[in-house]
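Quick note on numbering: the sequence shown equals residues -30 to -1, 1 to 898 in mature numbering (1 follows the signal peptide of the UniProt record, and there is no 0). To start, the structure under review is shown below, and the notes come after it.
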Amino acid sequence: MTSNRNPRLRAVLGASASAFTILAAGAAMAQEAPPPAAEPASDEVEAIVVTGFRASLQSAINLKRNESGVVDAIKAEDIAQFPDLNLAESLQRIPGVSISRINGEGRQITVRGLGSEYTRVRINGMEAISTTGGTANSGGTNRGRGFDFNVFASDLFNSIAVRKTASADVEEGSLGATVDLTTAKAFDSGKPQLVLSAGASYNDLAQKTTPRISALGSRTFFDGKLGALLSVAYEERRLKEEGANITRWATGASNGGFNSASTIPGYTLAQINSADLFAPRIPGYVSYDIENKRLGVAGSLQYKPSSDTQITFDALYAYLAGTRKEAQLQALGLSRSGAGKPQTIIRDGVVENGNLVYARMDNVDLRTQAAYDELNTEFKQFTLAGTHDFSSNLRVGALIGYADSTFTQPISTIVTFDRANSQNYVYDFRKGRAPQILLGFDATDPANWSAVNGTSEVRIRPQFVENQFSTAKVYGEWDLNDNLRLKAGVDWRKFEYDSYGAYRASETTVQTLTPAQLASVSRVFSGLGRNMDLPEGNFTAWLVPDIDKYAALLNIYSNQGIYAMTDTNNTSARGQYGAVEEQDYGAYVQAEFKFDAFGLPFRGDAGLRRVHTKQESAGYAAVAGAIQRVEVKRDYDLTLPSFNLAADVTDTIVARVSAAQTIARPGIGSLSPGGDVAVQGANRNYSSGNPYLNPTKSDNLDLSLEWYPSQGAMMAVGVFYKRIDTFVATLRREAVYNTLGLPDSLLTGTGANSGEVFQVTQPVNSDGGDLKGFEVNVQQPFTFLPGFWRNFGVVANYTFVDSEIDYPTSQTGATPPIRESLIGLSKHAANLTLYYETPTWSVRGSLAYRDGYLSQVPASDANIVQGTNETLNVDMQASWNIRDNLKLSIEGVNLTDEFNDQYVGYSDRLNVYTHSGRQFIVGLRYNF
């Protein structure tokens, strides 16, 4: 599935192995070095102060070493100064964590092969979800439990902790990990703080420069009893993402097959139109022009009236406002039945491994389209927490909180022009990963395009998603003696999800434009292919609709006449409607203990968590041939034990064992009892939810051994095993619409008919399986080396994960399942950072490797799998402390301009091949 994995992985692993060798050598040198000569007695003690990136690493090591379970962390280098500009990109430096990107920026994470749906994120101790939108190639709109990290500026946060093992006092809901994000607090520093920073960001593909500013102020009052902090961060980003967009491959037999006059040397017509030959469905090129504005505000008030009582109020606000413009040219007719593919004649072609990789065709229907989207996310969270010590051995605490993440896409518009039966169309996938496409005509000439009622489209699809969390918990701790602490607590969480949207009654009902009108509402897009190495002769410019001029001429946003918007009375819009309310009532008891055995000191915890979940979901579905709003209620109980034990084998070696049962609840968007008939261009889909999905439950075992040979140095090896009882899989099949039991009226205005084949999907509980793997983590400052070499250091890690499950292919089991890797699982992941740091200078370069992974099994259009190929991202950071309180920094992100390379099928058929350029950031930071 992955074409060139081994050389790149070996390069990262080779460098990581060198880091381990240096770690061992450094430890040996430290142990073998003779003791220093005695110095004259002195009243002064020399203090070695570690600052900057090394201090961040040391702080994270201290946290990891002192925990009973398996925890990895990232700490801010200084107040309002996180190591990376994006939280997800910081997280990928942690063993076992991989990220998915949107517009060149980290969006969601995968932990130990388990995707974002299996990972909980807490902000300041409270669970939260943040939701954004994206292109179909980057995951679309988030309607699940996954957390979109690109909403937040990293300057607002002080630390990230990834808890890979469970304990009873941490709320349930994750199989991969619980990620704790913590914003800066007023009591973090005992002195007044004022930090200002300003900078600029440049993307070499968009060739635009945009601003970045942030500020943080903090101080305490009344002899340190009251503290206040306010942090603000604002940035703008302008970038492009462009490349090939094939929209999968389909068999020759699909959509009625090719015209009977088609010919390929060595192949009969029956072989051309068979299920054994695959051809690209909608080959084309696309360019996205993206603008984002991101505002973040974090505030903290802390009150400590006595040494026994502390109250903290935290507020976090984020607003991500974006626009996305699209220009795309595609051969739509190759995936359209009727007047599309059955009229297309293959004049010449080449087949390799069952794939039609080159073809020259006549009578190909082409489409040019422009899209404009406004995508906004507003996130707000408020938490109030307090602790009180009744005595030195009895304390209580409480937390209440509310969080809201609202995604709005008030404008989502696509306008298309078409060209029917175009001659001498050529595509060729043999000239490189990016295909050559020759159009055979001047695509920039308005006279070569048309806008025709019944064929061309105007899609207007605003959509909205809101997630709300409410939380309350109370807990207590009682120290029975120095070696035993009892903890108990109760908690309540309420999650509310609401999704809705609107569509036109018929998207193919448009005004037929005269040639003069079409010319007046169009523009030429040009410049495709920068830094892309397109094959010679490929088109780089074409005519696209100008949506602003089109809207002004035809008043498409009037909500009247043929442009009137519909909601629940429209089949496609109904699919956007869904509501879920989930309430979780939890209680736990936990013992934390210390003891000596076998001559070793042990520490750990053992606990039990009991949870009751009430779930209500609603959506629109076909009932007795009519569409009705359907509501489903259910509840269930869970009992989850956990155990963590750590032993200090020596002063420098820690061994750990952890065992627990954990659960992850089904994705929110999957729980709707409703269904969605979606017709878009040549795509025909019917998807439905499943409110009776069971949570995924896992029995987990973790073993690790950690070595801390010197300050700032660590080597850790961990193995993990999960026995997972069930996964939520997507049951995918093809069916003629009139066999689905749905009324034909749902197709009114869509341009589809009841005799066409639809892609039918529904989430179901499938059999579970085993997930197993290991992690290796190395950190080593080269302080044992002489001269300037002592200023170097390295951080490296490698993770291997393996899991295969059976994906169902039918509800009855009549067809055998597909056995494949877990969706989102990368078997290999590795990270390497080499840094150089002095009190004045700091430079570091990072490599982040992620193996290929699957995104869909079974895939659509008779493809067995769909996935993403490996990535290797290269980043760099450098800073210069001009003065003690003034720093200049420069950062380069994605320096190799890594491509988003997606495929379908085991023969690596190209699906998506886009890039977003390199990002460079320059900034000044002043600390008063």
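We put the beta carbon where it would ideally sit given N, CA and C, even for glycine. For clarity, every value in this text was computed on a predicted model and none was experimentally measured.
Nearest CA to the CA of residue i: which residue from the options?
i           : options                           : result
Gly95       : Thr441, Lys195 and Gly324         : Thr441
residue 899 : Arg626, Ala475, Gly637 and Gly644 : The shown model of the chain, from -30 to 898, leaves out residue 899, and the question about it has no answer.
Gly324      : Leu247, Asn437 and Gly116         : Leu247
Gly577      : Leu27, Asn32, Ser38 and Arg24     : Ser38
Gly254      : Asp831, Thr482, Ile99 and Trp219  : Trp219
Leu336      : Arg82, Asp388 and Leu27           : Asp388
Lys295      : Pro275, Thr478, Val385 and Ala245 : Val385
Arg63       : Asp854, Leu856 and Val748         : Val748
Asp318      : Asp374, Asn229 and Val514         : Asn229
Met684      : Thr357, Pro250, Gln553 and Val746 : Val746
Thr810      : Phe352, Gln530 and Lys857         : Lys857
Gly356      : Thr279, Ser392 and Asp150         : Thr279
Arg133      : Pro611, Thr153 and Pro65          : Pro65
Arg604      : Leu615, Gln585 and Ala561         : Gln585
Asn529      : Ala245, Glu552, Ser490 and Pro432 : Pro432
Between which residues of its own chain and residue i is the CB-CB distance below 7 angstroms, once the five residues before and five after are set aside?
i     : result
Pro6  : Residue confidence for Pro6 is low, a pLDDT of 37 falling below 50, so the modelled location carries little weight; the figure read from the coordinates is stated next. Result list for Pro6: empty, nothing under 7 angstroms.
Arg24 : Gly682, Pro751, Gly763 and Glu807
In its own chain, which residues sit with a C-beta less than 8 angstroms from the C-beta of residue i, not counting the 5 before and 5 after it?
i      : result
Gly110 : Gly103 and Gly104
Asn32  : none
Asp566 : Phe572
Val882 : Asn107, Gly213, Ala214, Asn215, Ile216, Asn870, Asp871 and Gln872
Asn501 : Asp174, Leu175, Asp867, His885 and Gly887
Just to confirm, are residue i and residue j a CB contact at a threshold of 8 angstroms?
i           : j      : result
Thr378      : Thr101 : no
residue 966 : Asn120 : This structure gives no information on residue 966, because the portion of the chain shown stretches from -30 to 898.
Ala472      : Thr376 : no
Ser496      : Ala511 : yes
Pro505      : Gly659 : no
Gly74       : Leu209 : yes
Ser29       : Lys45  : yes
Pro665      : Val602 : no
Phe563      : Leu641 : no
Leu57       : Phe127 : yes
If residue i and residue j are in contact, beta carbons under 8 angstroms, what's the gap, nearest whole angstrom?
i      : j      : result
Glu87  : Val581 : About 18 angstroms separates the two Cβ atoms, so there is no contact after all.
Val494 : Ser469 : Their Cβ separation, rounded to whole angstroms, is 37 angstroms, which puts Val494 and Ser469 out of contact at 8 angstroms.
Ser773 : Leu804 : About 32 angstroms; that fails the 8 angstroms criterion.
Thr841 : Arg814 : With a Cβ gap of about 20 angstroms, Thr841 and Arg814 do not count as contacting.
Gly794 : Gly169 : That pair is no contact at about 34 angstroms.
Leu716 : Val647 : 5 angstroms
Gln889 : Asn864 : 6 angstroms
Arg264 : Glu205 : 5 angstroms
Asn839 : Val874 : Not confirmed; about 12 angstroms, so no contact.
Ser830 : Gln847 : Ser830 to Gln847, Cβ: 41 angstroms. No contact.
Arg90  : Ser144 : 4 angstroms
Ser796 : Ser68  : 5 angstroms
Leu151 : Ile93  : 5 angstroms
Leu615 : Gly569 : In fact, because the Cβ distance is near 16 angstroms, the residues do not count as touching under 8 angstroms.
Thr338 : Val514 : 5 angstroms
Would you check whether the ligand ZN has a heavy atom nearer than 7 angstroms to the C-beta of residue i?
i      : result
Ser773 : With respect to small molecules bound, the structure shown includes none, and the ligand ZN cannot be examined in it.
What residues in its chain sit with their C-beta under 6 angstroms from that of residue i, if we drop five residues either side in the sequence?
i           : result
Gly721      : Thr478
Val202      : Ala185 and Val267
Glu9        : Low local confidence applies: a pLDDT of 38 at Glu9 is under 50, so the model's placement there is unreliable, and no value is given.
Ile597      : Tyr590
Arg544      : Thr538 and Tyr590
residue 905 : The requested residue 905 is not part of the displayed model; the chain covers only -30 to 898.
Ile430      : Thr383 and Arg474
Leu354      : Phe283 and Ile370
Tyr372      : Phe352 and Ser440
Val765      : Gln749 and Thr803
Gly639      : Arg113 and Gly114
Worksheet item: At a cut of 8 angstroms, does the region 452 to 470 reach the region 427 to 441 through at least three beta carbon pairs?
Response: Yes: the two stretches touch, three or more of their Cβ pairs being nearer than 8 angstroms.
Worksheet item: Do the region 187 to 201 and the region 234 to 248 make contact, defined as three or more Cβ pairs closer than 8 angstroms?
Response: These segments do not touch.
Fill in: Contact between the region 132 to 140 and the region 154 to 161 (3+ Cβ pairs under 8 angstroms)
No, the region 132 to 140 does not touch the region 154 to 161.
Worksheet item: Should the region 320 to 339 be called in touch with the region 273 to 292, which here means at least 3 C-beta pairs below 8 angstroms?
Response: These segments do not touch.
Discussion item. With a threshold of 8 angstroms, are at least 3 pairs of Cβ atoms found where one atom belongs to the region 302 to 314 and the other to the region 273 to 283?
Written reply: Taking a contact to require three or more Cβ pairs closer than 8 angstroms, the region 302 to 314 and the region 273 to 283 do not qualify as touching.
Worksheet item: Quick one: any contact between the region 730 to 746 and the region 692 to 712, if contact means 3 or more CB pairs under 8 angstroms?
Response: Three or more beta-carbon pairs drawn from the region 730 to 746 and the region 692 to 712 are found closer than 8 angstroms, and the two stretches are therefore classed as touching.
Discussion item. Would the region 521 to 531 count as touching the region 411 to 426 if we require 3 or more Cβ pairs under 8 angstroms?
Written reply: Between the region 521 to 531 and the region 411 to 426 there are fewer than three C-beta pairs closer than 8 angstroms, too few to call the two in contact.
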